[in-house]
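Here's the structure we're looking at; comments come further down.
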Amino acid sequence: MRRFLLEPLLAENPTPSSNALLPFAARALGYRLIYGGSLLGGAPGWLLLSGGESRPLAVLARAGGVKGPVMEVPYAYRPELRDAALRLGAASFADAIVFNLSFDGAYRQDALRAAHAERARSHTEFIILREVEDPLAAGVSSWGPAAGLEQGILEALPKLGLELPIIPLGLPARDLIANTSPIGHQLSFITLDSARLERASLRDLRLATRSLSKLALPAFDGTVARVQAQLARKLSDRSPRAKTSELVDVVKQAVVERSAAGRQRLATMLTAKRAEAALVQTPSGARFVLLARGERGYVLVVAPTGVEAWASGVLQAESLAACAEHCASGGVCEASRP
Amino acid sequence: MNAGWNIPALGPSLVPRRFVRKRFWATLLILSCAICLSPLALSKLASLDQVLASAGAQRTRVFMYELEPQGSLMLPIEPNTDMLRVVVVGSSWNAPLNSDVNPLLLVVKATDASGRTRHEELALELPRTTGRFVPETPALHVSDPLTFNIDARDLSGGSVAVKLKSFPKGDSVLLRAYRRQTLGTADREAQVRTLSTAKRQALATRAWESTWLDLEEDQQLEIASLRWKKAPFFEESAREAKPLALMLYRFPAPVREAPWPLAGELDSSPTEHIAFVADPQTQVRIVSDPPTALEVMITQPDGTSRRLRQQHQVDFSVTEQGPWGVEVRTQTVSRVQVRSRLGAGIHWYSKVSAFRATPSTPFIVRGTHTPLWLRVAFRKPVAVSTEAPQPVAVDVTTTIGRRRDRRVFQTTLARAPSDRYEHATDEVPTERDAFYLQIPRAGEVRLAPREGALDFSVAELDPEAPAEELAVRPFTTPAPTTRLIGGEPWEGFVARRPSNLEAHAKSPPLTMLLAQRLEVVDRSRALPLQYTSRILGGPRRLINGRGFEWSGSHLYVGIGPGARVLPLRLYADQATEVEISLESLQRRGRAQSLGPFKYLTRPRQVTLAKGQELRTSFILGDDLAPGSYRVRFNKPPRDAVWVRALVAQQVESRWVAGEFDE
């Protein structure tokens, strides 16, 4: 596992020959390896997952070489913790995320130890994400001259709708350092309590993605404004115009009520290129965003995917950017220009 | 040898006789006291030693430095030190530290060579006195140790001062420190050369490497360069603090048994049980906390059951003939952990969301551009203490334009012994009942309890969903005596929310935890059998001594009111898949009204193995309007499938106490 899987996956400069061996090594060890187009920081990357049977590790790594910080999640069996790691890892420019999926043990597990030791050979920056029970023990703490790393994390947290204080290092963190950290390593520890984990969770987005899986919608972590801009680029000038009331009706049935028939109607609309849609995890929750050409220009429909009340009254704005600002957490807006 | 030395001989002439006599008596007195008291001391020490020795403990003498509240001790930082490890032990005179948690506040002040300082405040919680550390000073009691590390990089030539700010439950703390030293290049090479193979491997393992030999030379040197050395504490006056001797008993590392991963945990009580299904060859461990008497009832696939009664913990292994349905009861309220290993594991509770409706806040579903089929499942919330079954009436009002159709679905629901709400402790759901409804295009259905509250889980039939797989069994195998409740549902019905979601905004959807159970099939509740008629002259074949029709033959059913089951035997010469559906021979189509219906007729899929005769049964629901229907078997055109059904000259149904079930 160490030589043929972890070393090429987490190498700073992977060689073509080691990359070529990766899929075979993964399959031989009971893992599944997926090469993805837009993973950490939008770069192509590897995703190492269990091949069916229970396996202790999951790894997400930048395909071009792991040069930046590596995030480790020693107790990643909770989905909320995995969500927070994925979002924080992407936002704080981590080049790899290592998840320990076995229930007991964390750093007592050989697989996680091997992954850490592999990176510790040549790498110096680590982010370790853990859960704590006490909300007062939630925060960011660092070992060594990790001011840059710590600053990156503090800047990334608000993107997840989180704020954390800088706190002194806890005992488990201090213990871990003595056991694992060769001299000169920088480690930042992020500890999140269950309320913050809940806020950072992608559960609503995941449920919405599952519910709308047949539509194969793209999902983003960001803001409505950013997603609206991307959809506007995709929306063809030749798209047929739709009535605002019809768009609101379809979104209400398919997304808010989660009706199977409504979803079919939305699928027909998207297949006919009458609208463009995406899901986005905003700091205030998961949202469905639909953009179409309306009778007066453009229509932006933003609906919560959770059970929050949806204000579907139609607003008017000059541009789609202004619409996105009005509908940051939900709403319907008509704009005369993009 | 001593010729050159003038050493005076020691003798009575130099020591006064009176003093010698006094010293003799004093020595005699001390010796007699010591002899009298020693058996007591020895017996105490011996008994402690015996206890510790029986636990395999090894004794070591360690020295620690005492730090009283508001006192401070200092550690000078030697060059090449990057980390300090401090061991803390709480001490108390006269009484042991019996609390599980003994809070302690230390302030660490690190000063570098240029005088810059850094403060760290450490809130620690010391463990209780267990006897692992035994002070040599009588009447002193100490806690188990706790360690913490201090970053000492860039502190070379400086110092670290440790101050005890508060320790409310003890009198003082005892400290011991180690510094992590990095050897220079020459030293580390010498160190590597002198290390034994076992020690090298131990160092590699400690650094989380698999083997020493796998490491590159520079990695070996780096690992070997780290060394922990004891560091003495000094008082603020730069005088070395006076150490205190303790006996440290080191216990051998416990033998690690294979881990028992947690499958789930829930509270249990005499009235609220825990239920789950364990797959074949799974080892199961059930533990209660706080400890209480556990009663485990196991239901086996053949319908037999057995009970296990144990205090605190029950272990058992599921045989190859599993799965087993398991129900756990506790004598008092207790948290029950279920752990499992080997086998395929445990089917734990599944989560289902529901919306609570009352007569004033109904669950409304508005139709769309196309007719919808709904499956409405409901449960009634009842108090934990409820024992009697609850009568339930659901008002089902369907509106199409100006036309309004109102019906009532009545049933009786018993309290579910093992299902529960995720966050409620004072109420539990009843068992579930369900019915099917049709919403016409642009229609609306309003579901409300006649009184009180009901929790609705409504699902909508996905028009694009593939047909549901029918359960089949070889014709020689008897019908199963148990069935799995709460397993993986067919995904053709998709959970949906109410159209009046805003009315439910004040009470967000509830999450119910529903147990998976193995239930003994109640044969007395089986549906009546449906006979078929056929047009003579189609191809026939004798299989296993019975006559089979070609699946393209015309099999007809004449349906009266109520649901029934059509038993079928199927045979194929090659592995194939068959979809069984019903075609109405009436002009009006199959639906008789909007609902509610207890059974819904829908196409079902059957997978056939090559050359194997299989038995199955197809449900003809109460949604069918009375009349004539044709049973269709859709299959790939080249595959030959043979069918045997119950044939009667006159097409009618008659009751047979059930041998068949779906």
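The listed protein sequences derive, respectively, from chains A and B.
Going letter by letter, the first sequence gives residues 1013 to 1350 in the numbering used here.
Going letter by letter, the second sequence gives residues 1201 to 1862 in the numbering used here.
Virtual Cβ for every residue (Gly too), placed ideally from N, Cα, C.
On the DSSP bridge assignment, give the partners of residue i in chain order.
| i | result |
| --- | --- |
| Y1636 (chain B) | B:R1575 and B:F1797 |
| H1341 (chain B) | B:S1292 |
| A1310 (chain B) | B:R1318 and B:V1360 |
| E1440 (chain B) | B:F1434 |
| L1718 (chain B) | B:L1684 |
| T1807 (chain B) | B:E1777 |
| T1203 (chain A) | A:R1142 and A:G1151 |
| F1476 (chain B) | B:V1526 |
| D1515 (chain B) | B:R1485 |
Under three-state DSSP, which class holds residue i?
| i | result |
| --- | --- |
| F1818 (chain B) | strand |
| F1367 (chain B) | coil |
| L1661 (chain B) | strand |
| A1220 (chain A) | helix |
| S1104 (chain A) | coil |
| A1231 (chain A) | strand |
| V1071 (chain A) | strand |
| R1332 (chain B) | coil |
| F1300 (chain A) | strand |
| N1031 (chain A) | helix |
| I1277 (chain B) | coil |
| Q1531 (chain B) | coil |
| L1214 (chain A) | coil |
| P1170 (chain A) | helix |
| P1617 (chain B) | coil |
| M1281 (chain A) | helix |
| W1225 (chain B) | helix |
Between which two residues does the beta strand (DSSP E) holding residue i run?
| i | result |
| --- | --- |
| F1563 (chain B) | F1563 to R1566 |
| R1259 (chain B) | Q1258 to L1267 |
| T1464 (chain B) | Checking the sequence, you will find Gly at residue 1464 (chain B) rather than Thr. Residues L1462 to S1468. |
| K1706 (chain B) | Here K1706 (chain B) belongs to no beta strand (DSSP E), and DSSP marks it neither H nor E. |
| D1605 (chain B) | R1603 to L1613 |
| S1248 (chain A) | That residue, S1248 (chain A), is in no beta strand (DSSP E); it is neither H nor E in DSSP. |
| G1318 (chain A) | Here G1318 (chain A) belongs to no beta strand (DSSP E), and DSSP marks it neither H nor E. |
| D1595 (chain B) | Q1590 to I1600 |
| L1060 (chain A) | G1057 to S1062 |
Span of the alpha helix (DSSP H) holding residue i?
| i | result |
| --- | --- |
| E1258 (chain A) | T1256 to V1263 |
| Q1391 (chain B) | T1385 to T1394 |
| D1354 (chain B) | Run containing D1354 (chain B): none; DSSP gives neither H nor E here. |
| P1020 (chain A) | E1019 to L1022 |
| E1422 (chain B) | E1417 to A1424 |
| K1399 (chain B) | T1397 to R1406 |
Using a 10 Å radius around the Cβ and a threshold of 16 neighbouring Cβ atoms, would you call residue i buried or exposed?
| i | result |
| --- | --- |
| R1449 (chain B) | For the record, residue 1449 (chain B) in the displayed sequence is Tyr; it is not Arg. When all chains shown are included, Y1449 (chain B) counts as buried. |
| T1677 (chain B) | exposed |
| V1738 (chain B) | This sequence places Gly at residue 1738 (chain B); Val is not what is there. Its Cβ having fewer than 16 others within 10 Å, G1738 (chain B) is exposed. |
| E1436 (chain B) | exposed |
| N1700 (chain B) | buried |
| N1744 (chain B) | exposed |
| D1293 (chain B) | Just to set this straight, residue 1293 (chain B) is Trp in the shown sequence, not Asp. W1293 (chain B) should be labelled exposed. |
| H1623 (chain B) | exposed |
| R1259 (chain B) | exposed |
| P1296 (chain B) | exposed |
| Q1420 (chain B) | buried |
| K1399 (chain B) | exposed |
| P1708 (chain B) | exposed |
Exercise. At a Cβ cut of 7 Å, what residues of the segment 1295 to 1321 of chain A count as close to chain B, listed as they run along the chain?
Worked result: So the close ones are V1319 and A1321.
Exercise. Residues in the segment 1669 to 1691 of chain B with C-beta within 7 Å of chain A's C-beta atoms, listed in sequence order?
Worked result: Within the segment 1669 to 1691 of chain B, contact with chain A at the beta-carbon level (separation under 7 Å) is assigned to no residue.
Exercise. Listed in chain order, which residues of the segment 1424 to 1442 of chain B have Cβ atoms closer than 8 Å to some Cβ of chain A?
Worked result: Answer in chain order: L1426.
Exercise. For the segment 1598 to 1628 of chain B, which residues have a CB atom closer than 9 Å to at least one CB atom of chain A, in sequence order?
Worked result: Answer in chain order: no residues at all.
For this session: Please name the residues in the segment 1243 to 1254 of chain A whose beta-carbon is closer than 7 Å to at least one beta-carbon of chain B, in chain order.
Result: Per Cβ criterion, the list is empty.
Problem set entry | Contact list for the segment 1331 to 1348 of chain B against chain A, Cβ threshold 8 Å | Cβ contacts with chain A come from L1346, T1347 and F1348.
For this session: Taking only beta carbons into account, state which residues of the segment 1360 to 1389 of chain B come closer than 8 Å to chain A, listed in chain order.
Result: Correct list: R1380 and T1382.
Problem set entry | Residues of the segment 1284 to 1298 of chain B whose Cβ lies closer than 8 Å to any Cβ of chain A, in chain order | Residues of the segment 1284 to 1298 of chain B with a C-beta atom less than 8 Å from some C-beta of chain A are R1285, listed in chain order.
Exercise. What residues in the segment 1547 to 1569 of chain B have a beta carbon less than 7 Å from any beta carbon of chain A?
Worked result: Listed in chain order, the positions of the segment 1547 to 1569 of chain B with a beta carbon within less than 7 Å of a beta carbon of chain A are T1568 and H1569.
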